[in-house]
Every structure is written in C-alpha cells, then in structure tokens.
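Sequences listed follow chains A, B, C and D, in order.
So the numbering used here is basically just the index in the first sequence, starting at one, shifted up by 230.
So the numbering used here is basically just the index in the second sequence, starting at one, shifted up by 230.
So the numbering used here is basically just the index in the third sequence, starting at one, shifted up by 230.
So the numbering used here is basically just the index in the fourth sequence, starting at one, shifted up by 230.
Each residue gets a CB set at the ideal place from its N, CA and C atoms; glycine is no exception.
4 protein chains.
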Amino acid sequence: MKHQSGRHFLQIPGPTNVPDRVLRAIDGATVDHRGPEFQEMSKEVLAGLKQVFKTRSPVVIFPASGTGAWEAALVNTLSPGDRVLMFETGHFATLWLNMAKRLGLDPVLVPGDWRHGIDPAQVEAKLAEDKGNSIKAVMAVHNETSTGVTTRIAEVRKAIDRAKHPALFMVDTISSLASIDYRHDEWGVDVTVAGSQKGLMLPPGLSFNCVSDKALAAAKTAKLPRSYWNWEEMLASNKDGWFPYTPATNLLYGLRVALKMLVEEEGLDNVFKRHDRHAEATRRAVRAWGLEILCLNPAEYSSSLTAVLMPEGHSEIRFREAVLERFNLSLGSGLTKLRDKVFRIGHLGDFNDLMLAGTLAGIEMGLELTGVPHKKGGVDAALDYLVHSETGGGRKRAAA
Amino acid sequence: MKHQSGRHFLQIPGPTNVPDRVLRAIDGATVDHRGPEFQEMSKEVLAGLKQVFKTRSPVVIFPASGTGAWEAALVNTLSPGDRVLMFETGHFATLWLNMAKRLGLDPVLVPGDWRHGIDPAQVEAKLAEDKGNSIKAVMAVHNETSTGVTTRIAEVRKAIDRAKHPALFMVDTISSLASIDYRHDEWGVDVTVAGSQKGLMLPPGLSFNCVSDKALAAAKTAKLPRSYWNWEEMLASNKDGWFPYTPATNLLYGLRVALKMLVEEEGLDNVFKRHDRHAEATRRAVRAWGLEILCLNPAEYSSSLTAVLMPEGHSEIRFREAVLERFNLSLGSGLTKLRDKVFRIGHLGDFNDLMLAGTLAGIEMGLELTGVPHKKGGVDAALDYLVHSETGGGRKRAAA
Amino acid sequence: MKHQSGRHFLQIPGPTNVPDRVLRAIDGATVDHRGPEFQEMSKEVLAGLKQVFKTRSPVVIFPASGTGAWEAALVNTLSPGDRVLMFETGHFATLWLNMAKRLGLDPVLVPGDWRHGIDPAQVEAKLAEDKGNSIKAVMAVHNETSTGVTTRIAEVRKAIDRAKHPALFMVDTISSLASIDYRHDEWGVDVTVAGSQKGLMLPPGLSFNCVSDKALAAAKTAKLPRSYWNWEEMLASNKDGWFPYTPATNLLYGLRVALKMLVEEEGLDNVFKRHDRHAEATRRAVRAWGLEILCLNPAEYSSSLTAVLMPEGHSEIRFREAVLERFNLSLGSGLTKLRDKVFRIGHLGDFNDLMLAGTLAGIEMGLELTGVPHKKGGVDAALDYLVHSETGGGRKRAAA
Amino acid sequence: MKHQSGRHFLQIPGPTNVPDRVLRAIDGATVDHRGPEFQEMSKEVLAGLKQVFKTRSPVVIFPASGTGAWEAALVNTLSPGDRVLMFETGHFATLWLNMAKRLGLDPVLVPGDWRHGIDPAQVEAKLAEDKGNSIKAVMAVHNETSTGVTTRIAEVRKAIDRAKHPALFMVDTISSLASIDYRHDEWGVDVTVAGSQKGLMLPPGLSFNCVSDKALAAAKTAKLPRSYWNWEEMLASNKDGWFPYTPATNLLYGLRVALKMLVEEEGLDNVFKRHDRHAEATRRAVRAWGLEILCLNPAEYSSSLTAVLMPEGHSEIRFREAVLERFNLSLGSGLTKLRDKVFRIGHLGDFNDLMLAGTLAGIEMGLELTGVPHKKGGVDAALDYLVHSETGGGRKRAAA
C-alpha cells in the first residue's frame, strides 16, 4: 500500500478522529502521578466526566480498553454462577456474553437478528418469568457498533421496573457516550461502561465505569475475584485525586481537553444534534444509492454509525480495500455474522459537514470503482439535507 | 464566530494544509545553528531544494515571507534607475511592480486584463524595441495567485531568446513551485522566487531565491543597497552548511520533512499530476454550477487554484463569510480589482480527492445557502471525473 | 504551588522523562487498528520487544498499567488455592502479594527487611521443603522500586534448579527492563512482567508479559477466571499483527520509536552501562552527604533508582515538597513502611550526566534549605566520578 | 558525532530553550491570515508586545531574523550618506556597523575593547562636537551577545539629552528583551530592535521594531529605499490585525503563548530577577574556577550570558567540542576578535536553577576533561549562592 497525500479519512466507528488540541495535550511531558499538578488535573477530570454520564455517582477510570471496563462491571458486582440476562444484538453484545461465560457467570441469552435493539417487552417478560430473582443483572449495549442499531435504554429501564425485578442494570455505551444522548441517573442504570476512543475523541487506552449506589452495594457481596478492576480501592484513592496504581497520565491530559471541548465549548446538546444530523444525512445518501440500511427500525437508528448491506454477490472487503487504497478512507468492516456483508460508516467524534461530504463522496466513487450496483445521487441527497436542516450551535471558541 | 467541530478546510490558495508530519518536525527542540547537527540538516535541505527547482544552481533560503524573496531578487541584481519589464497579470504582479518602484527601479509595465498570462509575443516585441538593451530584467509571475492564471515560462524564455535580448529573467513561483511543473535550468531562468507556505506544505516564514550564474555575475555590479538580502555572504556561508545570521531553525526542520515527502515519497511528477487532476475536477464543478472561471485561456489554467466569478449582483465576501461560519471552510477572496467579484479555491499542497470533494460540497451548499444562482451537480461532475481519471502513483510509505 | 520556569526534573523512579521524539510519535493521528498501516507497526513492535526481553518467546502487550500485567501473569497460569512463593522485598512485592490473595491464591510469604533482595538460599530451602510440589510459582521482583534493591534473578533461577522444583518462575521487571540487564530466556523465566513508563521511556498505559512455553502449557490447565488478560486469544491475534480488542494505538507509536532508540541507536549494553554509571555517581553523592543508602548489599544496588534514608527526626515529605516548590524537581516518596523515612532518586530512562548533576544539585540545595544535617560535596563527588569513568557509546544518530 | 540520551542543554546565548507549551502552540494547523481567527490573535499579540517593550508606541513584527530588524530600523529612518554614531562594543555592534556602511550610511565609529559597554560620557562628547547636527542617529547594542557586556541605556539617553542633540536613538535589545529590564518609552528610545529567539523563548524567525513618534516622523523624509521593511504599510495594516504580506503564522501562535507566560504568569519583574540570580551564580562559578570574566565593569555585567576567557594557550573550540560530544551541552563560541579565546554561557530564556547547575557541572567537568587549568568548586559556589539568594515569585500556574 502506498501512502497518499492529504489527510486520512478515519471513518470507522471508532477510534475516531482525534482533535489536534487533544493530541497536543497528550504530547505533554509526563508528570509525577503523586504530585500536586497531577492531583489537580485528576480531580478536574473526575468531576467533568460526571457531566458526560449525567450522573452524581462516581466514574471510575481504568488504564485499559473498553473491554476491560466490561470485565470490571462484571467482576465487581457478581459472583460465580450468577445468572445474567443478555441480548444478542450484535457482535459486541456477543463478545460481552462470551466474557461473562469465561468469568464463570451463567448468562441467559435472548437471541436476536442483529438488525434490532433489545425489545423492552422481552426484557419485561424474561424478568417476570424469573420468580425467584435468580437473574442478578440485565446487560444491554446502548449502541451496537457492529450494526448501527441502538437500544432504547429508558424503555428497558421501564420494563425492568414494570417487572419489579431487583436485577442490576448494566449498559455498554462505548460507541454512544458523548455522541448520543445518555443519562445514567435518570435512566436508573447501575453500571455504565464506556471507552475513550469514540465520542470522547481520544485515542484508545482509557475506559470507564459509572457506578450507582446499588452497584456499590452489590460489590460488597460479589465474589468474583478481582484486583486490577476493584472499584473499592479506586474510589478510595480517587477521592483525593489519586489512583491506586499508575494511571495513563498522558491520555488523561487529553481527556481534560476533550471534556472541555464537549461540555463547555460545544455543549452536549449540540454534540448530540450534530451526530443526529450527520446520521440522517448518511441514511439519505444510502437510500439514494439504493442500498439497504442494516438497522430495520427507524426508532433504533444509531447517530454514531450506519451499517450498510452490500448487494448480494458483492464483497464489502474488496470494496473497503479499494476505497482505502484509492481514496485514503477507512470504513468499518462486517464483523463475524456480517463478515463481507456490511460495511460501516462512522460519523461520530470530531466531525463536520464537509468531512461527511468527503466520506460519502469516497463511498459513492468506491461503489462506482468496484462495480457495485447503485444509483448516483447519494452525496447530493446528503448535501441537500445538510444545507437545509438546522444545525446546533457551534462550539464556543476556546480561550487561547 | 463560533469554533466548529471537526477539521477546518483551509482552501485558500496558500498557506496550505501543512501535513502533520511537517508540523511535528517544526515542533522539535531548537538547536544550536552553529553546531554539527544543524550543519548536517542544512546541507541536506540545501541539496534537496535543488531537486524541487530542477537546478544545479544554488538556492538561497531567507527567514522571510515570499515578499522578501521578491526584494532579494531585485536588490541583488539591479541598480537604481534600471528599467525592468513587468506585466500586469494580476494583484501580485502589481505588488511586485510597486516594490520595484519603491526600490528606485524604472519598470516598463505591459497592462493586462487579469484574465490572461503574459503573452510571449509581447515579450518579444517589447524587447525587440529595446535596441539599447536598457531593459535589465524581465519579471514574470508563473502562477498568479490572485487570478488562477499561469504564464507559460518556457514560451517567455523562447521569446527573450528570439529577441536576442540580454535581460535577466526573473520568475515568481510562489504559488506554483512543487505544485506545477517548473524547471529553473531548462527554462533559463536567472532568479526564481519562491515561498514555503504553498506547494512546499510549510507554514509561512521561509522564502527562496534560486540563482543562475548570470544572476550572480549581475550581482557583482548591481548597486542597489543590500545587506539582509545579500546573496554573496549567504552563499559563502551556505557552502559549509552555515548561515550569515540566525536562520529560522524550526521551519527548516519542517522543510527537510516536506522535501522528503515531495521528492522521495510521492515523487514530483506524481505531485504535479495530482494537482492537475484536482484542478480539472474543480473546473468541471464550476462549469456544472454554471459559473464562470476567471482564466480565459485553457492553456493557462492554474493547477494550484481556480478563481471563480460571482454572478453580477452577488457578493463573494458575504458568500465566503457564510461558508466559513457554516461549513468551517476558508476560501480565497477577490483582491483589489477583483474585490467582491471572484472567490478563489485553493487545491494545492497536502491534498486529496476527498478533501476536494468536501471543499466543493461546501461551495455548492454555500451557493444554495446564500441564494447565489447556480445549477446543482458541481460535486457530481467533479466526482465523475475523479473516479474515472488516472491517478499518479501515491506517495511511497515513509519509513517509521 | 506556582509553576516555575524551565524544565521540570522528573526524578521519581518512574514514570520517567519521555524523549521528545517519543511524545511526538504518540501525538500522531489515530489510525484504524484493523488496517494495514497498523498491522505493519504492530508486527514491528512485537518483534522489537523480544530483543529487549532477550527472548524468543512471545511478548504480550496489554493496554493497562503494570499492575494489570501482574494480574495477567497470575490468572493465566494458576488456579484458585494454588500456593505461590513470594518474598517481602518491599512495597511492590507486598502489593503483588495482596493481589495474589485477592485472586484466591495461597501465597507463602518469606518476610524481609526491605533492605535486601531475595536470598537465593532461602528460595532453595523453601522449595526443598516443598516435597509435594504444592508450590506452583516462585514470584520475584527484579528491582524493588520502593527500595532501590535488586534481586539477582540468575541466582534465584539456579536455586530453583538446585531444588529441582517444577514451579513456574515469574519476575516483575517493571522498573528494571531496559535499564538493568535482564535475560528472560537465559535465566529461565516463565513470565516476565513489565510496564511502559520506566526504562522503555513511554508514558504509563502499556504493560507486558513475556511468556515461556512452560507458562503457556500451564495456561492450558489454569482455572482462575480470565478474559481481558487471556493470553490465548491475544497470541492468536498477534500472529498477524492484530489484537483481540482495541489496542492503545498511540502509545504503540511511541513504543516503536522508543525501541528504535534503545535497541538500534544507543544499544542495550550502552543503555545498561549508562544506568550503572549514574547509579554509582548518585551513591557517591549520597555517601559524601553522609546519608545512608537504604540498600545494604552492594551486589544488590539498583541502577535505576537509589533510596536514601533521612536522618532521624527529619521528614522526607517536607524535604520533597520544598525541593519541588523551590527547584521544580520531583523525587520519589517513602512508601508504606518507609513513609516519611526515605526519599528515592530516579536515575533511569532518558537521562544523562548533566540531568543527573542538576538532580543532585537540587537535592544538595534542598538538604541545606530544609536544615537536614549533611556534609557538602555530594555533587562534587558525583562529578568527579562522572568525568573520570568510562562511558558507553552514545546513541547512534537517528536518520532524519 | 553520536546522539546522546537525555535532554540537550542548549546554553548558547540564543536561540534559547523553547518551552514545550510554545513548541506545541507553533505546531498548530496553519490558518487563513485573512480570516477572523488570525485577526483576533494578531491583535492580542500586538498589544501584548507593548507590555514587554514597556511602550505605548506601536511594535512592528517582521517575518525575519533580528538582522532584518536592524535593517528595518535603518532604512525607515535614514537617507543615503547620513552620519550615524556607532560604538565598537563587540561582534554584533560591528555587524550592525557593516550593515550601515553597505546601506550607504556614513557611520562614525567609536572604537572599543569589547570588554566595556558604551561610555555615556563619550556619547555626550561626540554629540557635543557635532555642532551642525550632522549625526542623525545614535546606535547602541543594549546587551552584546558576543561579550556579555551591557550598555546602560538610560545613561546614554541622559548623555544625548545633556548634549541637547536631536539624533534618533536606536537600541538593539536582541539578547536582552524579556531577560533584562528594558524601557522603550521611559528611556526615550526611538527604535528598539528585537528578535524572537532569546528572552522571548521562541525559535528564530520573528523580529521586531518598536517605533517612537519621532522615528515615525523621520520615516516621512527618510530616503533609503525600502519595501519589505516599510513601517508605513505595516502599521496601517496592523491597525485592524492584518499584515501587508503573509506573516509567519505559526511562530505568532508561539509568541502568543510566550507573552502569556512572561507577562501574565511569571511577571516581567520576576523574569528579570531570575536572570539576575542565574548570572550572579554563573559569575561566582567562573571566579571559583579561577577563570576571568570578559566583562570588566560589574555595572555592565549581562544577566543573559557570561563570556569567559580561556587561559592562554587553551582552545575554547576544542573545549566546546568536547563538552558537546561528552555532555550533550552546547556553549557559545568566541566570535571574530574573540575566536578561540572565550566561550559564552547562555543563561537566558526558559531556564531554572537545576538547568544552570547541570550547565555549570558540564563546564566544570569539561575543563577537567580537556586539561584546562582551573580550580574545582565552581558548581559549589553557584549552588551556595542559589540556595541562599532570594528568588522572585514563580510563574503563576497556567489555566488548563
């Protein structure tokens, strides 16, 4: 592969485009994580995160990928053999299921077609059946990165409440947090799992648990062995701005800047509106091309990515390779069940109308280049929407 | 003005998009400009520049804007009252003319309509008239940044030769070097003037004179006072990799990387081909919109920028402001005579197909947004050309 | 605290001073971790790491702190209730012990005075007693970051061999790898644990397991639950340059550069020699001040840090605060048992003679400033040694 | 030469150590220099500079080295053949003299021994002799970078006043501004010349003229040809935050941060006090070594650098080479008359006590290494002063 001129278009659904300001912050000299300068920063960051999760509960930061935060959610709250209710909404939900099995839990799996989110009615039914409250937790992926389908978390919460079931509610927001509206407290979530490399506009390497009082109480009796992921020591240290082991200092520098950009400068509501607009514009392009969106229920469309079905007999792998080679554009691949069948367009993170236009242009030209049957006019349809739809307020200018 | 999310599209015809690798190089710790590490770098850079100018003559680097390199060309070779033949091809040719007057030269101006390059026949005629060889230099702007019109330098050289006139030949390549084919030696140019912030993909702050033997000989008798711009001391110091006064160290770090990218990795021929393709795609978009390209002669189209006439009664200023505010895209303005009449699209420097697609999308939406009469389909026309036209080879991958 | 001018002296025993080139590499745009550019880099990095561990076995990279790599070593090889032989050499050995307990292992602890490394004779004796081979692993910290005492790993290996005991041998090299000679294969280590933020000259956020065939075989039957830390999936993915979950892309960029600097440019033997010299110079300073080095056995002196006892009745906490406030120098604190009793001088990572001179000057002035009884001349003693001792070869110059 | 580990000690008297924050600022994406974001920055920077020059007059910024700002001072205010009073205080004063000659001026040179600043009495005497006021300007170098000798500018001003002479007063502050107290308005200076790469803590590439009303008036009638350096157009454009030709955008980003650090965070008085302390500590080290300081008059000691005489028969060139090779420390060389006779220690810019300690340690070890006769104890003498002398306030911490 040859390196091409100009900027790479990183339109996988994460890691996302990291703003230059965040990269420059990460590039700062490493400091003493037991010194006053670090302490001040970590207090600021721990406070800022609460605004993004919309919570008054503590948020734990792990020097780890999102997968680590999945593990932390499980080992802190559950005991070997515990039953947990899980839903086959896609590749990542399946990976979380596999993790639960490996850790010795006993998942109850509700199968799915990878084209819908979790059905709240099924949640209610499953829990209603569980007379003895043997199910200890309900696990949901808010935004399935492999399918571009969201689950309506507020509705799932209501279903749990209707079933009057005491199970913990754990939600993976890895590809939704800071892109799609999410409310840890209002929606009664017990453990929210998140990562740095999507809506938070950072490189990968940090992950998060937002932890309710109920989850903390569960941790007192949970028997899965844990040490690195242990909330207790972490929260005790965090109180004064410290960490029980060496934190990923430089990524935290970046997090401080990213939080400032999202919360203070652009404002979360504008961030969500921006993602909604780009998702709608993308779907209009897909429809204009005559291609099919994987997500079947418009109420479950993802605002952070769109998965598109390749026409029968055409390889998404070859298509993406051609697009990367010729147009310097990375798109997401089809995963496991969807291998070679869908490609995924990431439109989340630090992004704007013209980056989207370039992305869609690359796809439209790529379809042409690789002989994938399609109609022209996808880019036009997107532009037509973008120019006429109302934008959120822009980001406020940063102080020097 | 609010700061918007995502990357800014800097599509003025320079300064251009600076590659991240170049910015990171500039960000290196400043070193002793009298030490061995600096010496090695400056030798490498001085050698590399010759390949870009296609010359065996020395290239002088000034810590200055391109305007400084204009002044250097004049003060090193000419004496007070010298007649120089100049051509009104646009705003920058006019600025150079004004400079010549201020420095006490006596320019002979051939008027122009700002929509054509220099007519070689006129050059021949003017020089043929000058029986006493009172004209000491012919000054040409290779690529008029204000108009998007190029002058065919090889043809002007032939015209000078046909007139058998001994005048020096000085060419401003500020917005063409490393974007449009240019050959200092083959075309018999005596002083080539260039700057860092266009095809060389650097921030502004460096400028260049490439100097023929004939120009060096002229310097021996030239009487305009000079000190900062003096080639003699500069060339004497440069021989060993030194400079007579403090050079702009950190920009030179960037220059080293930029030369590597242009000459070794992508290859100059591929660089030129890339600019040609983007210029042609841009013109197809402009025609599809039903707008008029300022440059009237297709043989003189610029590959680094395209100036577009606004329809009568519409303000390019308002248009560009709207495009900046809404789409985070900077376009070039109309200068002096062309004020509020044309906007300019820069498609030079570190650039690719999808960045161009985003740029044209921003313009097409901007025309819609500000009610400028146009037809749709400009972006489509460009994409149709881009996907079907042959690309040059990509840049070879950089070593780690 | 006020921010002071000039560079901070980060002389804690890690995180260490990160070279500018490494920081700039980390600052690169995040790429697709499923794309060819990433794949090429990860293959290069995985191969380079083997040279640093001196092994032909695979090295696993976790997006985690060193503490995570401790956990990985345990959960991949051991089963609940397994006995492991551990040694109280200092704070970090104790933390590893606590982790083993939490994960359900049954550590046999050999107490220690925090001023010596592991006694090979004790290892032999303890294993010889264990007739039934109930001890499944011997755990050693190569370089105790809390005390500045090393354990002679080759001798411990010989002791295990003399006892003809089949236990796995696991070694923590978090603060020794790439600072002090270490040989995974030659010394018959089964799991080596390491982190990014010390000798590898990176910010914190990556950690490592180097895994012998014997350890891999043990992993087949080990029953501790594991998922994030699971070697099996990791090694399967790594074969082709991939990772089973999102890796910490940008820190890997830095690792690539750091490996190049250590292995190709300076050479590991020169790196070790440099650390030895700086450690010896530091000890001479300490002795000249009339202070006591914590490590009692010269054969066990650490080359990456030196812990110094404060005179009775004087607080190291107040001393370090004063030094930070007045001289912009961070020193390591006394940990748990040693709290307020020792301060630690880090002299590892990207470091040189004059940085050491500045560090020792800060300490000498700090002792004066805070009224700690001492003799002058520590800096002089160090300089005298530095100027007269033989240096290793310097780092070879990097290509541009 | 081999590249050494750790940080380079750049202790030439400029370019100086550039703070990381300034380098990171310079590394920002280049913007449109005709757009609102740039305009806002340039207004801020132009205002901030006035505080550093202590003036209400305008400060002009050239994309050029300091040498360019010398030329600007002359060509804007003088006419061919004008007499100017100059003083041979050192190498740079001599270069300025040569420039004046080349530009067609008629300098009256007062010879000097390179070990003293300008004698105010001589200024008065020379001007008093000039009954016809044929001398148009008095030129002074505030701090001679080649000798480490300052001229007392306030005293020179008084001398001019006593002589009641109308000559313009021009002062080069290239290596003093923002390191040593300087007051453009209070001291009645007409043109102050400065550069970016010394006290302003930037890489080279920007230079400055601070211009009094009297100088502006002189510009109206001055007849030296000028264009690039022309104040008139520059000041007209600057009023609205623009520049008449492309400014060095990225260096201006750095300037904004540097001004913030100097004026708001540390405060100029603290900056001056810091330089005074480091200069005094350096002189104490030099005296302890038994070496001779070039500057003979303590009232004229420079706070930004110290020039040291090598003992007869010893080469400063060999000494500096050894120090660079072995200790990664760059010192300043002896220039022209002083070639191979003095070395210069820069202690200006972004600097602190421990960086100075490292620098002096490198010198003391270098003297030993190269067999230069000296006494030990220079570092000790410096430390003794540093720990007991009162520091200014530190820099206030920057907002995130």
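In this structure, what does DSSP give as the bridge partners for residue i?
i	result
B:Y531	B:V379
A:P337	A:V314
B:C655	The requested residue 655 of chain B does not occur in the structure, where chain B is confined to residues 231 to 630.
A:M369	A:M400
B:Q234	None; B:Q234 has no bridge partner.
B:V538	B:I523, B:F573
C:F239	C:L559
C:E374	C:V379
Using the Cα positions of residue i and residue j, report the straight-line distance between them to the nearest angstrom.
i	j	result
B:Q241	C:I547	56 Å
B:S376	D:A323	42 Å
B:R627	B:K567	Any reading at B:R627 needs caution, since the residue's pLDDT is 47, under 50, leaving its predicted position unreliable; the model's value is listed next. Their backbone Cα atoms lie some 44 Å apart in a straight line.
C:M595	C:E496	33 Å
B:A552	A:R507	19 Å
A:A591	B:L279	36 Å
A:V368	A:Q352	12 Å
C:Q234	C:T621	32 Å
D:A587	D:R513	13 Å
B:D580	B:A408	11 Å
B:A515	B:M540	14 Å
C:E463	C:P474	6 Å
B:G607	A:T600	22 Å
C:D583	C:H618	12 Å
A:H414	A:A299	16 Å
A:P434	A:A488	13 Å
B:D360	B:V386	16 Å
D:D443	D:S287	7 Å
B:V441	B:E354	23 Å
A:G373	A:P350	With the sequence shown as reference, residue 373 of chain A is identified as Asn, and Gly is not the correct amino acid for it. Going by the C-alpha atoms only, they are around 15 Å apart.
B:A389	B:I365	15 Å
Pair every Cβ in the region 303-314 of chain A with every Cβ in the region 322-340 of chain A, then say whether three or more of these pairs are closer than 8 Å.
-> yes
Quick one: any contact between the region 289-297 of chain D and the region 414-430 of chain D, if contact means 3 or more CB pairs under 8 Å?
-> yes
Can you find at least 3 beta carbon pairs, one from the region 449-461 of chain D and one from the region 260-275 of chain D, that sit closer than 8 Å?
-> no
Give the residues from the region 245-260 of chain A that approach chain D closer than 8 Å (Cβ to any Cβ), ordered along the chain.
-> D250, R254, D257, G258, A259
Got a sec: which bits of the region 311-324 of chain D sit with their beta carbon under 8 Å from any beta carbon on chain C, in order along the chain?
-> none
Are the region 337-356 of chain C and the region 465-482 of chain A touching, with three or more C-beta to C-beta distances below 8 Å?
-> no
Cβ-based contacts, 9 Å cut-off: residues of the region 552-584 of chain B near chain A = E555, R556, F557, N558, L559, G579, D580, F581, N582, D583, L584
Stretch pair the region 523-531 of chain C + the region 379-388 of chain C: three plus CB contacts closer than 8 Å | yes
Counting pairs of Cβ atoms below 8 Å between the region 482-496 of chain B and the region 248-255 of chain B, do you hit three or more?
-> yes
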